[in-house]
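Its first residue numbered 24, the sequence shown is counted upward by one per residue in the working numbering.
Note that CB positions come from ideal geometry on N, CA and C, so glycine has one too.
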Amino acid sequence: MSKIRLSVVAPCYNEEAVLEQFVQRLSKACADATDFYEILLVDDGSSDRTWSVIEGLADQDHRIAGIQLFRNHGHQLAVTAGLSIAKGERILLIDADLQDPPELLSAMMAIMDEGADVVYGKRISRAGETTFKLLTAAAFYRLLNRLSSVPIPQDTGDFRLMSRPVVDILVAMPEQHRFIRGMVSWIGGRQVALPYARDARFAGSTKYPLRKMISFALDALTSFSTKPLRAAVWLGLMSSLFAFAILAYAVYQWSAGNVVPGWASSLVAISFFSGTQLFVMGVFGEYLGRVVQEVKRRPLFTIGQIRRKTVATEISGDIRDLQTTVENYQASQGKRASQ
Ligand code: UDP
Ligand code: MG
């Protein structure tokens, strides 16, 4: 019975326009690397024809499986759903929009043959991105690395090849707010960068509008640093000192017989301090909201169905029976909920 050497996990959200081309290029790259691979296409609650395209692909090739989430859970959770089902000894994470060239797989495999635990793509150029996205991303990673005790490489996405032990640890990390590239850095081991030129999207449009980018950045900051909480304390302390200074000044003026007309300065002080307080409360709130969501211990994602051809093949012995996969998943979620 042969083992699956390589699993590929690709999250797909409204990607009907790219999927066929993507799977064609990816399948070729996989076949060049090994005969025993599987491609897991995770449909993250798409509203276009993505799922029916995936069904068609899965029905044609037993190495391709479709995993349909009940609803849109977001990129990072869609990836997690795929990782939790992947069986391979090595696992490639790749976007479905062909921004990450599947042809780099062989180079990644070669680096892993030499003992790397993770090989991550490092973008030396990024075609088709707006200047705004490039500038904000650069500033964000600088800030994140300043705040986080785990170094998180710049100019990387989730495009990476990981070994089985790394993926096992990643899947076992229970957090809801997942910043996968940071979590992989946290795991450690030998992590090697592979520089590459990132292409423009093959078709379709980005699924990361500004709103999602901001919330992703906040997830990253709050998951990898509690320094903003400490900064809030310092800010509060400094504001109080400032208030005391104003008080001392007012007392001095009063004792010198000067009646301070000062309504303007009071107003400035009041708005300054209420602003500071609201800001500090906002920082607390960002963390508190995430704590609330973590303590609920909800499942990270909801798998609606898995589509995979269950023909007997030489590798079928290692492919989990579909029904068992779904049952195991449901049982584990039940256990999680009752803990
Ligand atoms: N994606 C997803 N769920 C989402 C948003 C995106 O599964 O809610 C997938 C998307 O289909 C793509 C990958 O995540 O395969 C990266 O998204 P996208 O290319 O839109 O992001 P960008 O490259 O523009 O940052
Ligand atoms: Mg993209």
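Closer than 6 Å by C-beta to R48: which residues in its own chain qualify, once you throw out the five before and the five after it? Chain order, please.
-> As a first step, residue 48 must be located in the sequence shown, where it is residue number 25. P125, listed in sequence order.
Would you report the Cα separation of R224 and L121, rounded to the nearest angstrom?
-> Locating residue 224 in the sequence shown gives position 201, where the first residue counts as 1. Locating residue 121 in the sequence shown gives position 98, where the first residue counts as 1. Their Cα atoms are separated by approximately 6 Å.
Just curious, the beta strand (DSSP E) that D181 is in, first and last residue?
-> Translated into the one-based positions of the sequence shown, residue 181 becomes position 158. Where D181 is concerned, the enclosing beta strand (DSSP E) stretches over T179 to S186.
Do the CB positions of M185 and V141 come within less than 7 Å of each other?
-> As a position in the sequence shown, residue 185 is number 162, starting the count at 1. As a position in the sequence shown, residue 141 is number 118, starting the count at 1. Yes. Within cutoff.
Does DSSP put L49 in a helix, a strand or coil?
-> One-based indexing of the sequence shown puts residue 49 at position 26. Reduced to three states, the DSSP call for L49 is helix.
Contact under 7 Å by Cβ, D84 with I77 = Start at 1 with the first residue of the sequence shown, and residue 84 comes out as number 61. Start at 1 with the first residue of the sequence shown, and residue 77 comes out as number 54. Not closer than 7 Å, so no.
Assess, as a yes-or-no matter, whether the region 176-193 is touched by the region 247-263 under the definition of 3 or more beta carbon pairs within less than 8 Å.
-> no
For Y219, which residues does DSSP report across the bridge?
-> Start at 1 with the first residue of the sequence shown, and residue 219 comes out as number 196. Y219 pairs with R146.
Tell me whether P34 sits in a helix, a strand or coil according to DSSP, three-state version.
-> Numbered from 1 along the sequence shown, position 11 holds the residue referred to as residue 34. It is a strand residue.
Chain-order list of residues whose beta-carbon lies under 7 Å from that of G212 (same chain, five-residue window excluded) = Residue mapping note: residue 212 aligns to position 189 of the sequence shown, counting from 1. Same-chain partners within the cutoff: D140, V141 and V189.
Within 7 Å of the ligand MG: residues by beta-carbon to any heavy atom | D118, D120, Q122, R224 and T229
Write down every uninterrupted run of the beta strand (DSSP E) in the region 69-130 whose length is 3 residues or greater and which is fully enclosed by it, in chain order.
-> 87-92 and 113-116
Is the region 293-309 touching the region 56-66 in the sense that three or more CB pairs, one from each, lie closer than 8 Å?
-> no
Nonlocal neighbours in the same chain, by C-beta distance under 7 Å from E309, ignoring five residues either side | As a working mapping, residue 309 is identified with position 286 in the sequence shown. Within the same chain, E309 has close Cβ partners L241 and T245.
Please report how far the alpha carbon of D341 lies from the alpha carbon of I87, in whole angstroms.
-> Residue 341 sits at position 318 when you count from the first residue of the sequence shown. Residue 87 sits at position 64 when you count from the first residue of the sequence shown. A caution first: D341 carries a pLDDT of 45, below 50, which makes its placement in the model unreliable, though a value can still be read off. Spanning the two alpha carbons is a distance of roughly 14 Å.
Could you give the residue range of the beta strand (DSSP E) that holds I62?
-> Along the sequence shown, one-based indexing puts residue 62 at 39. I62 -> beta strand (DSSP E) spans Y60 to D66.
Count the other CB atoms, across all protein chains shown, that sit within 10 Å of the CB of T154; report buried if there are 16 or more and exposed otherwise.
-> Counting from 1 along the sequence shown, the entry for residue 154 is found at position 131. When all chains shown are included, T154 counts as exposed.
Expressed to the nearest angstrom, what Euclidean distance is found between the alpha-carbon atoms of P251 and L80?
-> Within the sequence shown, residue 251 is the residue found at index 228, counting from 1. Within the sequence shown, residue 80 is the residue found at index 57, counting from 1. Answer to the nearest angstrom: the Cα atoms are 46 Å apart.
Excluding the five sequence neighbours on either side, which residues of its own chain have a C-beta within less than 6 Å of the C-beta of N95, listed in chain order?
-> In the sequence shown, residue 95 corresponds to position 72, counting from 1. Around N95: D67 and G68.
Test item: CB-CB of R146 and D123 under 7 Å = The residue you call residue 146 lines up with position 123 of the sequence shown. The residue you call residue 123 lines up with position 100 of the sequence shown. No, Cβ-Cβ distance for R146 and D123 is not below 7 Å.
Under the three-state reduction of DSSP, which class applies to Q44: helix, strand or coil?
-> The residue labelled residue 44 in the question sits at position 21 within the sequence shown. The answer is helix: DSSP assigns Q44 an H, G or I state.
Just to confirm, are F239 and A119 a CB contact at a threshold of 7 Å?
-> In the sequence shown, counting from the first residue as 1, residue 239 sits at position 216. In the sequence shown, counting from the first residue as 1, residue 119 sits at position 96. Not closer than 7 Å, so no.
G105 beta carbon near the ligand UDP (any heavy atom closer than 6 Å) = Reading the sequence shown from its first residue, position 82 is the one you call residue 105. Outside the cutoff, so no.
Pairing CB atoms from the region 268-286 with CB atoms from the region 227-234, are three or more of them under 8 Å?
-> no
Rounded separation between F302 and K156 - CA only = Along the sequence shown, one-based indexing puts residue 302 at 279. Along the sequence shown, one-based indexing puts residue 156 at 133. So the two alpha carbons sit approximately 26 Å from each other.
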